[in-house]
Amino acid sequence: MDPQRPVDQVRRFSHEAMATIFEVHAWHPDARYAAQAAQAAFDLVDRLEHDLSRFRANSDITRVNHLAAGERTRVAPSTLECLVIARHLFHLTGGAFDVSLGTGLLSLACEVEDMTVGMTRTGVRVDLGGIGKGYAVDLMSGVLEEWGLTHVLVHGGFSSVLALSAPPGLDGWPLTFSHPGAPPRVLARLSVKQLALGASGLRKGDHIVDPRTGEPVRGRLAAWAAVPRPASADEGPRAGPRQRPTAITDALATACMLLSVDEIQGLCAQNPGLEAWIVANPDGGAIGNAQMLHFGR
Amino acid sequence: MAAENEHGKPPGGAGGPRKLDRREVLAGLSTVPALGLFGYAWQKQRHYQRARADAAVTPAATGDVQEINVALLGAGAQGQVLVDAMLRIPGLRFRAVCDVWAEYNLRRVVNSLTRFGHEPNGYEDYREMLDKESELDAVVIATPDFWHAQHTVDCLKAGKHVYCEKEMSNTLEGARRMVLAARETGKLLQIGHQRRSNPRYLHCYDKLLGEAKLLGRIVTVNGQWNRAVAPDLGAPSRYAIPEARLRHYGFKDMAQFRNWRWYRGLGGGPIVDLGSHQIDIYTWFLGANPSGVMASGGLLYHDPATHEWYDTVMAVYDYDTPAGPVKAYYQTQTTNGSQGYFENFMGDQGTLLISESEVNYAGQLYRDPNAPAWDRWIQEGYITAPRIQEARALEDGAVADVRESVSPDQHTVPVVLRDPYHQPHLQNFFDAVRGTGTLNCPPEVGYESAVSVLKVNDAIEAKSRLAFTADDFHV
Numbered sequence: 089m090d091p092q093r094p095v096d097q098v099r100r101f102s103h104e105a106m107a108t109i110f111e112v113h114a115w116h117p118d119a120r121y122a123a124q125a126a127q128a129a130f131d132l133v134d135r136l137e138h139d140l141s142r143f144r145a146n147s148d149i150t151r152v153n154h155l156a157a158g159e160r161t162r163v164a165p166s167t168l169e170c171l172v173i174a175r176h177l178f179h180l181t182g183g184a185f186d187v188s189l190g191t192g193l194l195s196l197a198c199e200v201e202d203m204t205v206g207m208t209r210t211g212v213r214v215d216l217g218g219i220g221k222g223y224a225v226d227l228m229s230g231v232l233e234e235w236g237l238t239h240v241l242v243h244g245g246f247s248s249v250l251a252l253s254a255p256p257g258l259d260g261w262p263l264t265f266s267h268p269g270a271p272p273r274v275l276a277r278l279s280v281k282q283l284a285l286g287a288s289g290l291r292k293g294d295h296i297v298d299p300r301t302g303e304p305v306r307g308r309l310a311a312w313a314a315v316p317r318p319a320s321a322d323e324g325p326r327a328g329p330r331q332r333p334t335a336i337t338d339a340l341a342t343a344c345m346l347l348s349v350d351e352i353q354g355l356c357a358q359n360p361g362l363e364a365w366i367v368a369n370p371d372g373g374a375i376g377n378a379q380m381l382h383f384g385r
Numbered sequence: 032m033a034a035e036n037e038h039g040k041p042p043g044g045a046g047g048p049r050k051l052d053r054r055e056v057l058a059g060l061s062t063v064p065a066l067g068l069f070g071y072a073w074q075k076q077r078h079y080q081r082a083r084a085d086a087a088v089t090p091a092a093t094g095d096v097q098e099i100n101v102a103l104l105g106a107g108a109q110g111q112v113l114v115d116a117m118l119r120i121p122g123l124r125f126r127a128v129c130d131v132w133a134e135y136n137l138r139r140v141v142n143s144l145t146r147f148g149h150e151p152n153g154y155e156d157y158r159e160m161l162d163k164e165s166e167l168d169a170v171v172i173a174t175p176d177f178w179h180a181q182h183t184v185d186c187l188k189a190g191k192h193v194y195c196e197k198e199m200s201n202t203l204e205g206a207r208r209m210v211l212a213a214r215e216t217g218k219l220l221q222i223g224h225q226r227r228s229n230p231r232y233l234h235c236y237d238k239l240l241g242e243a244k245l246l247g248r249i250v251t252v253n254g255q256w257n258r259a260v261a262p263d264l265g266a267p268s269r270y271a272i273p274e275a276r277l278r279h280y281g282f283k284d285m286a287q288f289r290n291w292r293w294y295r296g297l298g299g300g301p302i303v304d305l306g307s308h309q310i311d312i313y314t315w316f317l318g319a320n321p322s323g324v325m326a327s328g329g330l331l332y333h334d335p336a337t338h339e340w341y342d343t344v345m346a347v348y349d350y351d352t353p354a355g356p357v358k359a360y361y362q363t364q365t366t367n368g369s370q371g372y373f374e375n376f377m378g379d380q381g382t383l384l385i386s387e388s389e390v391n392y393a394g395q396l397y398r399d400p401n402a403p404a405w406d407r408w409i410q411e412g413y414i415t416a417p418r419i420q421e422a423r424a425l426e427d428g429a430v431a432d433v434r435e436s437v438s439p440d441q442h443t444v445p446v447v448l449r450d451p452y453h454q455p456h457l458q459n460f461f462d463a464v465r466g467t468g469t470l471n472c473p474p475e476v477g478y479e480s481a482v483s484v485l486k487v488n489d490a491i492e493a494k495s496r497l498a499f500t501a502d503d504f505h506v
C-alpha cells in the first residue's frame, strides 16, 4: 500500500453504547489527536444515553415515563430537543413514526422556555430507540467539527449514518445498501458526503409494529432515508429539526417501513432533498424477488 | 381430608379464613399494590419524588423557597455533571461560573446556563469572582484535587458556603486546612461523596443493615471499579490555553491540564478518583474507620511519560468494627471495564451487592439458606419479594414439595433513584444552607475518607501493611 494515499489515513474508532456500536471514521494526519476527538464524541454519546435511555432508572426519559397527568419534569436540553424532533416527525409521517408507540405522544408538552416536559395524561411511554442513535450521531459530528475533524463519517449501529466531507482524493464515502435476505447481496453502491442516512429493516428477525394499528409490518423488508446535511449547524432546541439530519433520517427510515408507496412519494415531494428507498415484498412472496424502489431527487 | 373434598370447602371452615402457606403468602405479596407491600419503601420513594417534583418547575413557581445565589468553580466534565443536577433543584440562581479554560469549558457552561434562564458572569480567576460577586451564598467546587484546599478555604473565608467535590484534597494537610476553615468561619462545607445522600444507599444503611441487620455479622467486603482503556483526554487544538496561563495555574502543558488525575502532586490516580467513593461506603456501612491497609499496585499498562499514578491497584483494608473484625478488598484497573463498579457486603446471613449504577446492579440481596426468614422485611417493604420462592412443603407433616429444582431466594432493594446521581447530595447541601437539613458529608467525614484512601498510595510505595491510629482520623 502506498502510505501517501490519503484514504489510508482514514482511521476507525469504535465504542459500545445504546446497545450497539458507534463508529467514527476520520481522515486526519495525527492519529492520537483523531483518537482523542473520537473519544470526546463517544463521551458525549454516553452522556446522551444516560439521559435518553428508558432502561436507566434515573434517565430523563424514565422520569418522563413516570409522570402522571398534570406533572412535569425538567430535562436536559438535548432530551427536550430529541422529543421536539420526534413530535415533528410524528406529524410529518401522519403518526407512522411515534416514539410513544401509540400510547399518546401528543399528551407530552415540551416547554422550551423552562426546559420541562409536562404530561396531560397518565400512562404515556416514550422510547427513543428509533431516533436517539441518529440524534447522537448529529451531536457527535458537532464535537468532531469543533475539534477540527471535517473529513468524517459517523454511524450508530450502521443504521444511523452521517457523512461530512469526503477523505481527500475521494468524491465521497463509499457505502452500500444490501438486500436483507440470506445471503445478503448488494443492491446499491453510494458515494456520499454532507449527507445523513437512516436504515431500517427486518434483518434481525425482529418485527416493527405500526403504531397506528398495533399490527406488525408486512410486505416491507428494508427501508432507507437520506437528507442533505444543512450548511451550518445552530445549537439547541430552538434550532429546528433540519439541523439534526441523522435524527430525521433515523426516524424516516422507520416510517418508510410502514408508509404506503404513495405516502412515501408524497413525503419526498413535500420535502425537497429527501430521498427514500424501500425493498418491498407486497404479497409476502419469495424474499429474493423483492424489488428495490427509489423515491425523491 | 375426605370430608373437605366432599364439601368442596377449604380448610378453616365455610367462609372462614384460609391458612396460607409461606409460598402463597410470598407469591401473593408480590402482586399486592405497591402501597401495601412496599409501604415503607414506596412512601420513602414518594416522599423523595414529591419533594423533587417542584424541582421540575421554574424558580418563579416556587416563590416560597429562599433563593440561593450560587457559583460554579471548575466547569470541566464533573462541573457540568453538577450543573445538570443543580438545574433540577428549585430556588437556585447561578450568578457566576469560573474556569481557567475560558475558551471552552467556561463558554460552554455559561451558554448552557443561559439557556435555562440564568445570567451568570464568567471568570477565569476565582479571586476576581469572589471580589466582584458579593451576593454569592454558595460556591460549588469541581476543580482539580490539588486546588480544592485553597479554593475551599478562600471561599469559606469570603463568607460562602461550599460544596467541594471529592477527593477533598490530594494531601491530608490540605484536607485538614479545609476542616479548620469550616470550623473557623462557621460556614457549611459538604464533600462530594454523593452516595451518602442517595436514597438507595440510605435505605441500605438505615433499614437493611441498621434495623433489620439482614446480613448478620459482616465479615468481608469486596468492591471494584473497572474501566476500559481510553485515550488520554485531549482538547480541540483551536481552544488550547496559552502556556503562560497554564503555568500560572500549576500545569506544565495542555496535556497535563486535561489529564491531571494521573499526575503526582495534582491528583491521586484511579484509586482516589474512583475508589474514594466506594471505600467511603465501606467505612460508612461498617461503622468504623479502617485499622490498617495493605496494597499492591503499579503502572502496568499506560505510558509512564504521561501517567505517574498507578493504573492498577488492589487493596485490602482491616476494620475493627463494633461487631468484630472485617477484611475489605478493593480493586480498580483501567484496562478492562468488564463488570463495572459495585460494592459487595457479605455477612454470615446474607449478601448485599449494590452499585450507584442501578442499571448494572439493582441492589441484589441473597439470604443464606440457614438464616432466619426475611418474610417480615418483605412485608415491611424493606426488600422485594423473591423472584423465586423456596419449595416448602404445602401440607403439614410433609417434608418437601417435590418439583423442578428451584433457585435460592433473591431479593432487591426496592428504593429507586429517579434523579441524576448527584442531585440528592446537592439538595442536601442546599437544604442545609437554608437551615432545613444537616449535611450528610461534613468536612470531618470527608477528612476520614481522605485519610483512608490516600493511605493506599502510601502502602503501595511502602510495600508493607500500614496501620491507622484513631488520632489519624481526627482534626
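Protein chains in written order, with my numbering: chain B, 89 to 385; chain P, 32 to 506.
Just so it is clear, CB atoms sit at the ideal spot from N, CA and C, and this is done for glycine as well.
According to the Cβ coordinates, are residue i and residue j closer than 8 Å?
i, j, result
"A341(B)", "S266(B)", "no"
"G245(B)", "T334(B)", "no"
"G107(P)", "A173(P)", "yes"
"W291(P)", "P403(P)", "no"
"V354(P)", "R248(P)", "The question names Val, but residue 354(P) in the sequence shown is Ala. Yes, the Cβ-Cβ distance between A354(P) and R248(P) is below 8 Å."
"L144(P)", "V184(P)", "no"
"G393(B)", "G286(B)", "Residue 393(B) lies beyond the residue range present for chain B, which begins at 89 and ends at 385; the question has no answer from this structure."
"N488(P)", "G299(P)", "yes"
"E242(P)", "Y294(P)", "no"
"L497(P)", "G323(P)", "yes"
"N459(P)", "S228(P)", "yes"
"P400(P)", "P230(P)", "no"
"L263(B)", "R317(B)", "no"
"K218(P)", "K191(P)", "yes"
"F461(P)", "L123(P)", "yes"
"G328(P)", "Y341(P)", "yes"
"R273(B)", "I366(B)", "no"
"V200(B)", "L171(B)", "no"
"T363(P)", "V344(P)", "yes"
"L240(P)", "V171(P)", "no"
Have a look at the DSSP bridge pairing and note the partners of residue i.
i, result
"D351(P)", "P356(P)"
"C472(P)", "Paired residue(s): none; C472(P) is not in a bridge."
"P304(B)", "V297(B)"
"C129(P)", "L104(P) and Y154(P)"
"Y372(P)", "W256(P)"
"V8(P)", "With chain P covering 32 to 506 only, the question about residue 8(P) has no answer from this structure."
"P262(B)", "S279(B)"
"G298(P)", "R295(P)"
Find the residues of chain P that neighbour residue i, judging by a C-beta separation of less than 8 Å, and give them in chain order.
i, result
"G236(B)", "P267, S268 and R269"
Since residue i meets chain B, which of its residues come closer than 7 Å, beta carbon to beta carbon?
i, result
"F147(P)", "M203"
"D334(P)", "The premise fails here: D334(P) is roughly 11 Å from chain B at the closest Cβ pair, so nothing lies under 7 Å."
Give the interface partners of residue i over in chain B, defined as CB-CB distance under 9 Å, in chain order.
i, result
"L123(P)", "By Cβ distance, chain B contributes nothing, its closest Cβ being about 12 Å from L123(P), past 9 Å."
Exercise for the section: Tell me, please, whether the stretch 321 to 338 of chain P touches the stretch 371 to 381 of chain P by the rule of three or more beta-carbon pairs shorter than 8 Å. Expected result: no
Handout entry: At least three beta-carbon pairs within less than 8 Å, the stretch 274 to 288 of chain P to the stretch 140 to 160 of chain B
Key = no
Practice task
Would you list, in chain order, the members of the stretch 142 to 176 of chain B that have their beta-carbon closer than 7 Å to a beta-carbon of chain P?
Solution key: F143, R144, A145, N146, T150, R151, H154, E159, R160, T161, R162, A164 and P165
Problem - Interface positions of the stretch 202 to 228 of chain B facing chain P (Cβ-Cβ less than 7 Å), listed along the chain - result: D202, M203 and T204
Handout entry: Contacting positions in the stretch 440 to 460 of chain P - beta carbon closer than 9 Å to chain B
Key = V447, L448, R449, D450, P451, Y452 and Q454
Problem - At least 3 beta-carbon pairs within less than 8 Å: the stretch 199 to 217 of chain P vs the stretch 429 to 441 of chain P - result: no
Practice task
Name, going along the chain, the residues of the stretch 97 to 118 of chain P whose beta-carbon falls closer than 7 Å to a beta-carbon of chain B.
Solution key: D115 and L118
Problem - Selection of the stretch 124 to 137 of chain B by Cβ proximity to chain P, strictly under 9 Å - result: Q124, A125, A126, Q127, A128, F130, D131 and R135
Handout entry: Interfacial residues, the stretch 283 to 310 of chain P to chain B, with Cβ spacing under 7 Å
Key = none
Handout entry: Sufficient close CB pairs (3 or more, under 8 Å) joining the stretch 296 to 309 of chain B to the stretch 188 to 202 of chain B
Key = yes
Exercise for the section: Please confirm if the stretch 230 to 238 of chain B is in contact with the stretch 98 to 108 of chain B, defined as three or more CB-CB distances below 8 Å between the two stretches. Expected result: no
Exercise for the section: Check each residue of the stretch 366 to 399 of chain P: if its Cβ is closer than 7 Å to any Cβ of chain B, include it; give the result in chain order. Expected result: E389 and V390
Problem - Three or more C-beta pairs below 8 Å linking the stretch 150 to 168 of chain P and the stretch 119 to 129 of chain P - result: yes
Exercise for the section: Note down, in chain order, all residues in the stretch 248 to 264 of chain P with a beta-carbon under 8 Å from any beta-carbon belonging to chain B. Expected result: A261, P262, D263 and L264
Handout entry: Stretch-stretch touch, CB-based, cutoff 8 Å, three pairs: the stretch 108 to 124 of chain B with the stretch 212 to 228 of chain B
Key = yes
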